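Asker: Dumping the structure here so I can ask a few things about it.
Number of protein chains: 2
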Amino acid sequence: MIPDLLALTADLVAIPSVSHSEGALADYVESDLRARSGLRVERIGANVLARSELGRPSRVVLAGHLDTVPANDNATPRRQDDTLWGLGAADMKGGLAVMLELAAAREDPAVDVTFVFYACEEVGREHSGLLRIAAEAPDLLQGDAAILGEPTYARIEAGCQGVLKLAAELRGTRAHTARPWMGRNAIHRLAPLLEQVASYQARQPEIDGCRYRESLQAVLVRGGVAGNVVPDQATVMLNHRFAPDRDAATAEAALRDWLEPVLDPTLGDRLDVAEVSPAAAPSLGHPILAALLRTTGVPARAKLGWTDVAFFAERGIPAVNFGPGDPELAHSADERVDRHQLESAYSALWQLLTPTRSK
Amino acid sequence: MIPDLLALTADLVAIPSVSHSEGALADYVESDLRARSGLRVERIGANVLARSELGRPSRVVLAGHLDTVPANDNATPRRQDDTLWGLGAADMKGGLAVMLELAAAREDPAVDVTFVFYACEEVGREHSGLLRIAAEAPDLLQGDAAILGEPTYARIEAGCQGVLKLAAELRGTRAHTARPWMGRNAIHRLAPLLEQVASYQARQPEIDGCRYRESLQAVLVRGGVAGNVVPDQATVMLNHRFAPDRDAATAEAALRDWLEPVLDPTLGDRLDVAEVSPAAAPSLGHPILAALLRTTGVPARAKLGWTDVAFFAERGIPAVNFGPGDPELAHSADERVDRHQLESAYSALWQLLTPTRSK
Chain A
2 MIPDLLALTA
12 DLVAIPSVSH
22 SEGALADYVE
32 SDLRARSGLR
42 VERIGANVLA
52 RSELGRPSRV
62 VLAGHLDTVP
72 ANDNATPRRQ
82 DDTLWGLGAA
92 DMKGGLAVML
102 ELAAAREDPA
112 VDVTFVFYAC
122 EEVGREHSGL
132 LRIAAEAPDL
142 LQGDAAILGE
152 PTYARIEAGC
162 QGVLKLAAEL
172 RGTRAHTARP
182 WMGRNAIHRL
192 APLLEQVASY
202 QARQPEIDGC
212 RYRESLQAVL
222 VRGGVAGNVV
232 PDQATVMLNH
242 RFAPDRDAAT
252 AEAALRDWLE
262 PVLDPTLGDR
272 LDVAEVSPAA
282 APSLGHPILA
292 ALLRTTGVPA
302 RAKLGWTDVA
312 FFAERGIPAV
322 NFGPGDPELA
332 HSADERVDRH
342 QLESAYSALW
352 QLLTPTRSK
Chain B
2 MIPDLLALTA
12 DLVAIPSVSH
22 SEGALADYVE
32 SDLRARSGLR
42 VERIGANVLA
52 RSELGRPSRV
62 VLAGHLDTVP
72 ANDNATPRRQ
82 DDTLWGLGAA
92 DMKGGLAVML
102 ELAAAREDPA
112 VDVTFVFYAC
122 EEVGREHSGL
132 LRIAAEAPDL
142 LQGDAAILGE
152 PTYARIEAGC
162 QGVLKLAAEL
172 RGTRAHTARP
182 WMGRNAIHRL
192 APLLEQVASY
202 QARQPEIDGC
212 RYRESLQAVL
222 VRGGVAGNVV
232 PDQATVMLNH
242 RFAPDRDAAT
252 AEAALRDWLE
262 PVLDPTLGDR
272 LDVAEVSPAA
282 APSLGHPILA
292 ALLRTTGVPA
302 RAKLGWTDVA
312 FFAERGIPAV
322 NFGPGDPELA
332 HSADERVDRH
342 QLESAYSALW
352 QLLTPTRSK
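What follows is the structure in structure tokens.
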């Protein structure tokens, strides 16, 4: 019998857990796991882990973040029929409810399972609860495959694209605007750079049947000295998403090649890496992830954004995104999840973990 | 006999007078005028005026600003041989020294003269001492012609170009950078706009023998929402200098025509006037200014920047820029003036005002 996942999600939404303030929700999760799961529970800061130690030949990690972005007039959960609205309903308290009910399920599983409830996923990566756990108790994160409960509409979103942020700085020479020919306008020099960025030919490689789609976007531009001065400096921040058939160094080299015609190092132009997050391969050939794919009954698709599957992939653990809820609604005022989504995700994971049904 | 203008300039440089802090220098100027000039002296805030009332058929206004930009390691005057270095040496305490010595000259002049020493020229126009005098005692600014003592290398720089600052705002549609095709990148849309700005075909009209040279420069650019968001907005501030054969409305209309192909009002793009300062015609046909031109012995050239000659021109008073010092050194750490410049400017103005020599 499937538990009332919508009611549990509503309880979780009712406990505020904006990033850096996950303590109350971590307390709730810890208590619930200690009371209902029969698993070994560990607490590290605002992170909670629960693991079976049955000596099974393989171990699956189910991971989900406790935090939400700040409220958007949607702090109070509101339920109508089989739909629940509220901050975090989709991203990802619905997924947390699925994890808690799976932890409480009494069937004898085919694999060992580690549940990871972690803090600070929605803020700068340096705050990530996963990084803290990895620093303090890396063994607790070991496993043969990982499933991240981010909202994916209860279908596998495989791997993730990497992110490379590059700061392009163009230089010029200051002059008075009444005598601009004495200088060189760095803002005017943005024109060919931005044209090159906008015309980037995005690769769309297919890996494990998933079509990735790279992108290159200018996300920030700054330049200028004063209202009467020909500016000698302008900066553009570029956000590049690269498919998992490339590592970050290859992606960076390709981008430098693409932008080389519109930069002039003799003027002092520079291209600096501001941030890099690796891509993660889909890994759908892994037996556990392949089994999950079969139980969902729908084809996997590529994850185009970056998620913590890359955290696990970097550590040699193949991982996929799989959870209830519409990813497009994440961070929106209209964020919601419905019972059918919760039950689809629960059922697929329950079949994966429980031998009598799925193997 | 020519007075020691270099020594007086050094005294003036030694009195700090950064914009909004001209009080001490105004006190010095007021005392000097009351002690030495025999003219009627008025004080309005940090502005000092001195006028003859001889009933001559025409009146010349000699105007100069008391303030300087902030110091650039050059607050203390330093003299070597016939050159004086220091903040304001060229812009324009050399000119003030010339004005003070002309006010103290005892010859019976051919014209009535009004000396205007005013505050806050180097900051936002709304602070201008000339505007304060115009508001409180407009009659004191009346005259048939005006000479502004800004540094011009002691040759006439005629009229001035107008300034039109336009804010161009481009719009787009936000999206996640992993799915940029869902949005429209407003920063990418800067490329054709900046290309159009950079390729502006500047007019170079000749007026009264002076060649003006228009310009269009992007001076500020801002855009972006967050590192992972396709931006929906980007703004460029444009600085346009237009020749005195155009009024501001004509210049604005021409600029709107030029930029029309790269703006899309249906997306919400806008072009807003941020600031407008009118141009001033060279007016070299006016008898007083023509006489000054003859005494300088060198051709006039066009003033490409904006100066307070436009203040007088707007009020129907033809005006030119004429003063000692190199305008290119204004606001630089190396600002300086030499005795020869001071004496050239003094002599030309003295000849203009004194009938026995020049008429």
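So the sequences go chain by chain: A and B.
The first sequence begins at 2 in this note's numbering and counts up one residue at a time.
The second sequence begins at 2 in this note's numbering and counts up one residue at a time.
For glycine and all other residues, C-beta sits at the position ideal for the given N, C-alpha and C.
Computed from a predicted structure; not experimentally measured.
#1: Considering only the beta carbon of each residue, do residue 203 (chain A) and residue 214 (chain A) sit closer than 8 Å?
#2: Would residue 98 (chain B) pass as a contact of residue 6 (chain B) if the rule is Cβ separation under 8 Å?
#3: Under 8 Å, Cβ to Cβ, is there at least one residue of chain B near residue 178 (chain A)?
#4: Express the C-alpha separation of residue 95 (chain B) and residue 10 (chain B) in angstroms, rounding to a whole number.
#5: Do residue 211 (chain B) and residue 288 (chain B) count as a contact pair if the criterion is CB distance below 8 Å?
#6: Tell me whether residue 32 (chain A) is buried or exposed, calling it buried when 16 or more other Cβ atoms sit within 10 Å of its Cβ.
#7: CA-CA distance, residue 378 (chain A) and residue 8 (chain A)?
#8: Any contact of the stretch 170-186 of chain A with the stretch 334-345 of chain A, i.e. 3+ C-beta pairs under 8 Å?
#9: From which residue to which residue does the alpha helix (DSSP H) around residue 197 (chain B) run?
#10: Against chain A, does residue 359 (chain B) count as a neighbour if the rule is that its beta carbon must be under 8 Å from one of theirs?
#11: Which one of A:161, A:270, A:186 and A:138 has the shortest CA to CA distance from residue 151 (chain A)?
#12: What does the Cβ neighbour count give for residue 195 (chain A), buried or exposed, with the cut at 16 atoms within 10 Å?
#13: Using three-state DSSP, classify residue 289 (chain A) as helix, strand or coil.
#14: Tell me which residues share the same chain as residue 285 (chain A) and place their Cβ nearer than 8 Å to its Cβ, disregarding the 5 neighbours each side in the sequence.
#15: Please list the partners that residue 94 (chain B) has in chain A, where partner means a Cβ-to-Cβ separation under 9 Å.
#16: Rounded to the nearest angstrom, what separates residue 225 (chain B) and residue 312 (chain B) at their Cα positions?
#17: Look at residue 82 (chain A) and residue 18 (chain A) and say whether their C-beta atoms are less than 8 Å apart.
#18: When the Cα atoms are used, what is the spatial distance from residue 323 (chain B) to residue 124 (chain A)?
#19: Exposed or buried, what is residue 52 (chain A) when buried is set at 16 or more other beta-carbons lying within 10 Å of its beta-carbon?
#20: Between residue 220 (chain A) and chain B, is the shortest Cβ-Cβ distance under 8 Å, so that the two count as touching?
#21: In the stretch 233-252 of chain B, which residues sit with their C-beta less than 8 Å from some C-beta in chain A, listed in chain order?
#22: What in chain A is Cβ-close to residue 198 (chain B), meaning under 7 Å?
#23: 8 Å is my cut-off, CB to CB: does residue 334 (chain B) come that close to chain A?
#24: Within the 8 Å Cβ cut-off, does residue 59 (chain B) reach chain A?
#25: Give me the Cα-Cα distance between residue 169 (chain B) and residue 272 (chain B), rounded to the nearest whole angstrom.
#26: Count the CB pairs spanning the stretch 253-273 of chain B and the stretch 136-156 of chain B that are closer than 8 Å, and state whether there are at least three.
#27: Beta-carbon of residue 130 (chain A) versus every beta-carbon of chain B: anything under 8 Å?
#28: Drop a sphere of 10 angstroms on the beta-carbon of residue 21 (chain A), count the other beta-carbons inside from all chains shown, and report buried for 16 or more, exposed for fewer.
#29: What's the call for residue 351 (chain A), buried or exposed, on a 16-neighbour Cβ count within 10 Å?
#30: Below 8 Å between beta carbons: does that hold for residue 252 (chain A) and residue 241 (chain A)?
#31: Taking residue 318 (chain B) as part of the beta strand (DSSP E), name the residues at either end of that continuous run.
#32: Consider the Cβ of residue 186 (chain B): report whether some Cβ of chain A lies at a distance smaller than 8 Å.
#33: Can you find the residues in the same chain that come closer than 6 Å, C-beta to C-beta, to residue 63 (chain A), ignoring five residues on each side of it along the sequence?
Answerer: With the structure as the only source:
#1: In this structure, residue 214 (chain A) lies closer than 8 Å to residue 203 (chain A) by Cβ.
#2: Result yes, Cβ atoms of residue 98 (chain B) and residue 6 (chain B) sit closer than 8 Å.
#3: Chain B, which has a Cβ nearer than 8 Å to the Cβ of residue 178 (chain A), makes this yes.
#4: Computed Cα separation, rounded: 5 Å.
#5: In this structure, residue 288 (chain B) keeps its C-beta atom at 8 Å or more from the C-beta atom of residue 211 (chain B).
#6: Exposed is the call here.
#7: Lying before the first or after the last residue shown, residue 378 (chain A) is absent from chain A, which here runs from 2 to 360.
#8: Touching, no.
#9: For residue 197 (chain B), the enclosing alpha helix (DSSP H) covers residues 191-199.
#10: Confidence is the limiting factor: at residue 359 (chain B) the pLDDT is only 41, short of 50, which leaves the residue's position unreliable, though a coordinate-based value still follows. Any Cβ of chain A closer than 8 Å to the Cβ of residue 359 (chain B) would place that residue at the interface, and such an atom is absent.
#11: It is A:161 whose Cα lies nearest to the Cα of residue 151 (chain A).
#12: Residue 195 (chain A) comes out buried.
#13: Residue state, collapsed to three classes: helix.
#14: Excluding positions up to five away in sequence, the list reads 157, 159, 209, 210, 211, 291, 294, 301 and 321.
#15: Those within 9 Å of residue 94 (chain B) in chain A number zero; the least Cβ separation is about 21 Å.
#16: Rounded to the nearest angstrom, the two C-alpha atoms are 39 Å apart.
#17: No, Cβ-Cβ distance for residue 82 (chain A) and residue 18 (chain A) is not below 8 Å.
#18: Distance between residue 323 (chain B) and residue 124 (chain A), taken at the CA atoms: about 60 Å.
#19: Classification of residue 52 (chain A): buried, given that the 10 Å Cβ count is 16 or more.
#20: Using a Cβ-Cβ cut-off of 8 Å, residue 220 (chain A) counts as an interface residue toward chain B, since at least one Cβ of chain B sits closer than that to its own.
#21: Listed in sequence order: 235, 237, 238, 240 and 242.
#22: Under the 7 Å cutoff, chain A gives 189.
#23: Residue 334 (chain B) does not count as touching chain A.
#24: Taking Cβ atoms only, chain A never reaches closer than 8 Å to residue 59 (chain B), which makes this a no.
#25: The alpha-carbon atoms of residue 169 (chain B) and residue 272 (chain B) are separated by roughly 5 Å.
#26: Between the stretch 253-273 of chain B and the stretch 136-156 of chain B there are fewer than three C-beta pairs closer than 8 Å, too few to call the two in contact.
#27: For residue 130 (chain A), the closest Cβ of chain B is not nearer than 8 Å.
#28: That one is exposed.
#29: The residue in question, residue 351 (chain A), is buried, as its Cβ has 16 or more Cβ neighbours within 10 Å.
#30: Taking 8 Å as the Cβ cut-off, residue 252 (chain A) and residue 241 (chain A) qualify as a contacting pair.
#31: No beta strand (DSSP E) contains residue 318 (chain B), which DSSP labels as neither H nor E.
#32: Yes - at least one Cβ of chain A is within 8 Å of the one on residue 186 (chain B).
#33: Counting only Cβ-Cβ distances below 6 Å, and skipping sequence neighbours, we find 100, 116 and 148.
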